[in-house]
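Asker: Take a look at the following structure, please.
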Amino acid sequence: MSSRMKFLIGGLVVVIVVVALIATSFSGSTSEYLTISEVRALGPDQTQNSRVAGKIVPDSVQWDTATIHLAFEIEDETGRLPISYNGPKPDMMADAVEAVAIGRYDPANQVFTADELLMKCPSKYEEKQ
Amino acid sequence: MILAEIGYGALLLALAAALWATIASILGAQQQRPELVTSARNALFVTAGLSTLAALALLALLLTKNFGVAYVHDHVSTYLRPAYVLAAFWAGMEGSQLLWLWMLAIFTALLVLRRPTWDRQLRPYAMAVLAFTQAFFALLLVAISNPFELLPMLPAEGVSLNPLLQNIWMIIHPPIIFAAYALWTIPFAYGLAALVTGKLDSGWLLGVRRWSLAAWSTLGIGILIGALWAYLELGWGGYWAWDPVENSSFIPWLVGTAFLHSAIIQERRDMFRAWSVGLVTLTFLLTVFATFVTRSGLIQSVHAFAQSAIGYYYLGFMGLILAVAIGLMLARTRELRGSGQLGDLVSREFAFLVTNLLFLGSAGAILLGTLWPTFTEAVRHVSATLTAENYNRFMGPLGLLLVLLLGLCPLIEWRRTSAERLLRNMWIQVAVGVVTAALLLLFGVREVWVVAAFAVVAFAAATIELQWAAGVVTRMRTAKENLFVAAIRASYRNRRRYGAQIIHVAILLIVAGVIGSQAYQDEVQVVLAKGEQTEVGGYTLVYKSYTYGQPEEHGNKVRNAALVELYRNGRLLAVMEPERNLHSNVDGTVTEVALLTTWKEDLYLVLAGLEPDGQAAFQVLITPMVLWLWIGGLELILGTLMAAWPAASRSATVTVPAGGESTGQQAGTSIRHRAARR
Amino acid sequence: MGIAIFFVLALLAAGAIVYPLLPGRVPAPLAPAVTDGEIEAAVRKLRRARAGGGRACPACGEAYQPGDRFCVRCGGALPADDQGKSPLPPAGPGCPSCGAALQEGDKFCAKCGYTLHDEEVA
């Protein structure tokens, strides 16, 4: 077998391995963007995180220092959703118009428990918490 | 408003000059008319001057807070501190593009300032490419993305700069990134010029070597500074979130690294010529793509793309460059065939090929991941975003394979390596890796991938150190110098080699830091009343006192801070004061993190909430080995400086007669030749 | 006022661009086709060929000297036939790996095959 052939096959093997690695990494545990009504339709058997975005309902933001807990509501054209988050209140929250919550929906308490919050501000830059 | 007119007019003229420079340099080279090339050269000085004028005009408009100009209104306000006006310059698309144009124009002018030497035939075509790129950005600025656009009336107040951007990082980070993108245009320009002229031997690579190194290291440093910014300012305790803006600068860096290595193969063995031109073209295209992604909001919403025509301009430019590059490569198939012949599979050539495939694979995967939401939305109507876990699942193994190769490549020889020689050369390093793994297991580390990862890093580090030691020892033997002198002289004489090795060690430091900080992070949330204390990760935090509602800065700032003493084993390590302040010009709070950094780990203290009675909520994050990333970054700069340091002297030619004697010099001392060395 | 400045700028720019094109200007000569570096490399090649007495690397064809064990251009192993000494004068300090004498333009050490960088040879 010529050197050229060996290199081609060797290179191809590497490419296949790399592509396989990437393909398996992309499957599962991505987080999908859902509307609020879609989130509310989720059952208790969620296998992966979901993302939901909505306008922050004014005056719905409650922060409790003693429990380090943030509660607020978001709404979109399909409904309203209470969000629960254990962590510092994001800096930009007062200025933010929209929030993205990443986490799981708790159907029993009808609350979305967020692991991560992203604040969307009018000038297009985001803050991550 | 006259400044806006001057600025816009300057851009218009710059567009014309750049177009002329493109045409004239090509015509001048084709028709052997040097006066056309000189005219093009002058035109490039003109664009440098005009873009400087336009940039100064925008700066002046920002500093004088002229809200009649839309861009000024959108990014500045009467109460914005003067220092952040600079940040406002490049906060939006129009300003960033002007910055890109200005930097490219200045670097081009510096390039053409010096008379051609090695690039006498390539220079005109490189000029054409640079000029055409300048013309593209000038066209964007003039036609569709005008920083000097006026508002129909004069508002009294501006929108102001996003408070997240009001810090030193926004002042230094974007210019560094855009400088890197502009610098990458130069090796790309010469790559295309090499294709056009057919002079595809390693001459062009050697000639642009310093520009390539500058571009690569500037981009790397820019990315690290971005990470440091995220870590210190954003307050979530991490430095990398795999978000589209971060990814879009990392992808060209990976491809650029592949290019640097491909250049080495071509230089040594005259092989993989097509890889070199292809990779430099890809790197350049990705930097243009990155500029587009960062400021256009494409990823967040596909609809943002369609709202403005600017996406089509970018796509058109990238498509054109790609078509030209591919067309030229097809036309030059013969010249792209190097003279080197492939050897065995177990050879440095194949190892480099695998390295390049891994870099490209990583870049492609991250690109796919970045575009995944757009892609899934188009196909499945539900947009899915990759989480950090997805990225880590492929970047972890790919990164580790690359580190393994980093350690193996110097041991594998060109053309062919006997397995026995390889094993003989590598047993010490393997032993180091095994000992590292054993030590880690001994210390209680149980995660397999962490142990394996550190073992591989140790293996690679050992290879590098041993190579250097061997070089020094040889010099001690042959030049009869003592250890100290030999070490310095060996390093200085082999700047290119050891500079590269220092860069590799820097990368290893960064990788080690990434492994350590990703593998373990302790997070604790705790609520304390004043005077209380808590234990976290071996540290004792004593909440001593607090400041609540204290006005500062003439009433523009309200300070809320908690004073915490940090102890370890009874010893006071630091007094930390995390803050959560209010600013008059910011809606919401501004968190200031308190940080203690050591080689071993960082203690990151966030004030989550503070009540008037002193009840304070804290978030404590302990992350190992974060400092290693920043130290690695510094070492990267040092290594690049060393690798790029100019050749010693360019004295007069010393002829070496066939007889073997030289003018008054003995064998064994260094003979200075006139070196056209790069 | 803005228009006036614009025309001034346009004039200056046009002037700089047109100036080299005016008749009667002696243009800077375009490059000769060959650079000094290429000439020096060609001379070295000829000297090597003359000194090597016809020996050529089986892989890449570069001339080699008696006693060389690796080709200085491609690094390939050479037939280990004769012992001997290269008649070419050494350039610079020796090989960083084995100390052997080097020639300018060598990419690999003739004695041990070590990969060389530019500044190690000059």
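Chains as they are written, first to last, in our numbering: chain A, 1 to 129; chain B, 1001 to 1678; chain C, 2001 to 2122.
Yeah, the Cβ is synthetic: ideal placement off N, Cα and C, and Gly gets one too.
1. Between B/L1019 and chain C, is there a C-beta pair that is closer than 8 Å?
2. By the 8 Å beta-carbon criterion, what residues does the stretch 1388 to 1407 of chain B contribute toward chain A?
3. When you compare the CB positions of B/A1594 and B/Q1525, do they come within less than 8 Å of one another, or not?
4. Our contact map puts B/G1158 next to B/S1096 with C-beta atoms below 8 Å; I'd like the distance itself, whole angstroms only.
5. Spatial neighbours of B/L1483 within its chain, please: C-beta separation below 8 Å, excluding the five flanking residues on both sides.
6. Taking the C-alpha atoms as reference points, what is the distance between B/S1145 and B/F1089?
7. Taking any Cβ of chain A, which residues in the stretch 1604 to 1621 of chain B have a Cβ under 9 Å from it, in chain order?
8. Jot down the residue ranges of each uninterrupted beta strand (DSSP E) in the stretch 1386 to 1426 of chain B, minimum 3 residues, whole runs only, in chain order.
9. How many angstroms separate the CA atom of B/L1404 from the CA atom of B/S1491?
10. Measure the Cβ-Cβ separation of B/P1612 and B/Y1543 and say whether it is below 8 Å.
11. How big is the Cα-Cα spacing for C/I2017 and B/V1046?
12. Less than 8 Å between the C-beta atoms of B/L1013 and C/L2009, yes or no?
13. Any chance you could list the alpha helix (DSSP H) runs of at least 4 consecutive residues sitting entirely within the stretch 1251 to 1325 of chain B, in chain order?
14. Count the other CB atoms within 10 Å of the CB of B/R1496; is the residue buried (16 or more) or exposed (fewer)?
15. One question on the structure: do A/I74 and A/V57 come within less than 8 Å of each other, judged by their Cβ atoms?
16. Need the endpoints of the beta strand (DSSP E) that B/T1540 sits in, please.
17. Taking Cβ positions, are B/L1213 and B/T1640 nearer each other than 8 Å?
18. Counting Cβ pairs closer than 8 Å, one from the stretch 1186 to 1198 of chain B and one from the stretch 1326 to 1338 of chain B, do we hit at least three?
19. Is it right to say B/G1444 is buried, meaning 16 or more other beta carbons lie within 10 angstroms of its own, or is it exposed?
20. Please identify, using Cβ separations under 9 Å, the residues of the stretch 82 to 107 of chain A that lie next to chain B, in order along the chain.
21. I'd like to check one pair, C/G2084 with C/G2067: are the Cβ atoms closer than 8 Å?
22. Any idea if A/N49 is buried or exposed, counting beta-carbon neighbours within 10 angstroms, 16 or more meaning buried?
23. From A/V111 to B/L1605, what does the alpha carbon distance come to, in whole angstroms?
24. Comparing C-alpha positions only, which one of B/E1565, B/S1584 and B/R1571 sits nearest to B/P1578?
25. Go through its chain and collect everything with a Cβ distance to A/I68's Cβ below 8 Å, but skip five positions before and after it.
26. When you compare the CB of B/V1593 with every CB in chain A, is at least one pair closer than 8 Å?
27. My assumption, with CB atoms under 8 Å, is that B/E1635 sits in contact with B/L1509. Please give the rounded CB distance.
28. So, with DSSP's three-state summary, where would you put B/N1569?
29. Identify whether B/S1249 lies in helix, strand or coil by the three-state DSSP scheme.
30. Leaving aside the five residues before and after C/C2112 along the sequence, list all residues of the same chain whose C-beta is less than 6 Å from its C-beta, in chain order.
31. Rounded to whole angstroms, what is the Cα-Cα separation between B/V1511 and B/G1399?
32. Quick one: using the 10 Å Cβ neighbour count with 16 as the cut-off for buried, is B/Q1030 buried or exposed?
33. State the DSSP-derived secondary structure class of B/A1652, mapped to helix, strand or coil.
34. Below 8 Å between beta carbons: does that hold for B/L1104 and B/V1085?
35. Going along chain C, which residues have a C-beta under 8 Å from B/E1413?
36. Quick one: give me the first and last residue of the beta strand (DSSP E) that B/H1583 is part of.
Answerer: Let me lay it out:
1. Locating residue 1019 of chain B in the second sequence gives position 19, where the first residue counts as 1. No, its Cβ sits nowhere closer than 8 Å to a Cβ of chain C.
2. If the cut-off is 8 Å between Cβ atoms, the stretch 1388 to 1407 of chain B has E1389, N1390, Y1391, R1393, F1394, P1397 and L1398 near chain A.
3. As a working note, residue 1594 of chain B is residue 594 in the second sequence. As a working note, residue 1525 of chain B is residue 525 in the second sequence. No; because the gap between Cβ atoms is not below 8 Å, this pair is not in contact.
4. Counted from its first residue, the second sequence places residue 1158 of chain B at position 158. Counted from its first residue, the second sequence places residue 1096 of chain B at position 96. 18 Å between Cβ atoms; not a contact.
5. The count along the second sequence starts at 1 and reaches residue 1483 of chain B at position 483. Here the set comprises V1472 and M1476.
6. For the purposes of this step, residue 1145 of chain B is taken as the residue at position 145 of the second sequence. For the purposes of this step, residue 1089 of chain B is taken as the residue at position 89 of the second sequence. Answer to the nearest angstrom: the Cα atoms are 14 Å apart.
7. Within the stretch 1604 to 1621 of chain B, the qualifying residues are V1606, L1607, A1608, G1609, L1610, E1611, Q1615, A1616, A1617, F1618 and Q1619.
8. none
9. Reading the second sequence from its first residue, position 404 is the one you call residue 1404 of chain B. Reading the second sequence from its first residue, position 491 is the one you call residue 1491 of chain B. Answer to the nearest angstrom: the Cα atoms are 24 Å apart.
10. Position 612 of the second sequence, counted from the first residue, corresponds to residue 1612 of chain B. Position 543 of the second sequence, counted from the first residue, corresponds to residue 1543 of chain B. Result no, Cβ atoms of B/P1612 and B/Y1543 do not sit closer than 8 Å.
11. Start at 1 with the first residue of the third sequence, and residue 2017 of chain C comes out as number 17. Start at 1 with the first residue of the second sequence, and residue 1046 of chain B comes out as number 46. Going by the C-alpha atoms only, they are around 8 Å apart.
12. As a working note, residue 1013 of chain B is residue 13 in the second sequence. As a working note, residue 2009 of chain C is residue 9 in the third sequence. Yes; because the gap between Cβ atoms is below 8 Å, this pair is in contact.
13. 1273 to 1296 and 1302 to 1307
14. If you number the second sequence from 1, residue 1496 of chain B lands on position 496. That one is buried.
15. Stepping through the first sequence from its first residue, residue 74 of chain A is reached at position 74. Stepping through the first sequence from its first residue, residue 57 of chain A is reached at position 57. In contact: A/I74 and A/V57 (Cβ atoms closer than 8 Å).
16. As a first step, residue 1540 of chain B is located in the second sequence; it is residue number 540 there, counting from the start. It spans Y1539 to E1552 - the beta strand (DSSP E) in which B/T1540 sits, taken as one unbroken run.
17. Taking the first residue of the second sequence as 1, we reach residue 1213 of chain B at position 213. Taking the first residue of the second sequence as 1, we reach residue 1640 of chain B at position 640. Result yes, Cβ atoms of B/L1213 and B/T1640 sit closer than 8 Å.
18. yes
19. Your numbering for residue 1444 of chain B matches position 444 in the second sequence. B/G1444 is exposed by the Cβ-count criterion.
20. In summary, the residues of the stretch 82 to 107 of chain A whose CB is separated from some CB of chain B by less than 9 Å are N86, G87, P88, K89, P90, D91, M92, M93, A94, D95, A96 and I102, in the order they occur in the chain.
21. Working through the third sequence from its first residue, we reach residue 2067 of chain C at position 67. Working through the third sequence from its first residue, we reach residue 2084 of chain C at position 84. Yes, these two residues count as a Cβ contact at 8 Å.
22. Locating residue 49 of chain A in the first sequence gives position 49, counting from the first residue. By the neighbour-count rule (16 or more Cβ atoms within 10 Å), A/N49 is buried.
23. Reading the first sequence from its first residue, position 111 is the one you call residue 111 of chain A. Reading the second sequence from its first residue, position 605 is the one you call residue 1605 of chain B. One alpha carbon belongs to A/V111, the other to B/L1605, and they sit about 29 Å apart.
24. The residue given as residue 1578 of chain B occupies position 578 in the second sequence. Checking every option, the nearest Cα to that of B/P1578 belongs to B/E1565.
25. Counting from 1 along the first sequence, the entry for residue 68 of chain A is found at position 68. Correct list, in chain order: N86, G87 and P88.
26. In the second sequence, counting from the first residue as 1, residue 1593 of chain B sits at position 593. No, B/V1593 does not count as interfacial toward chain A.
27. Taking the second sequence and counting its residues from 1, the one referred to as residue 1635 of chain B is at position 635. Taking the second sequence and counting its residues from 1, the one referred to as residue 1509 of chain B is at position 509. About 6 Å; that satisfies the 8 Å criterion.
28. Indexing the second sequence from 1 puts residue 1569 of chain B at position 569. DSSP places B/N1569 in coil when its eight states are reduced to three.
29. Residue mapping note: residue 1249 of chain B aligns to position 249 of the second sequence, counting from 1. In this structure, B/S1249 counts as helix in the three-state DSSP scheme.
30. On the third sequence, position 112 is the one that residue 2112 of chain C refers to. The answer, listed in chain order, is S2097 and C2098.
31. Position 511 of the second sequence, counted from the first residue, corresponds to residue 1511 of chain B. Position 399 of the second sequence, counted from the first residue, corresponds to residue 1399 of chain B. Here the alpha carbon of B/V1511 sits roughly 8 Å from the alpha carbon of B/G1399.
32. Taking the first residue of the second sequence as 1, we reach residue 1030 of chain B at position 30. By the 10 Å Cβ count, B/Q1030 comes out exposed.
33. In the second sequence, counting from the first residue as 1, residue 1652 of chain B sits at position 652. Only weak support exists for where B/A1652 lies, its pLDDT of 32 falling under 50; the coordinates are left without a value.
34. Counting from 1 along the second sequence, the entry for residue 1104 of chain B is found at position 104. Counting from 1 along the second sequence, the entry for residue 1085 of chain B is found at position 85. It is not a contact, given that the beta carbons lie outside the stated cut-off.
35. For this step, residue 1413 of chain B is matched to residue 413 along the second sequence. Near B/E1413 (Cβ distances below 8 Å), the residues of chain C are G2075 and G2113.
36. On the second sequence, residue 1583 of chain B is found 583 positions in, with the first residue counted as 1. Start and end: E1579 to H1583.
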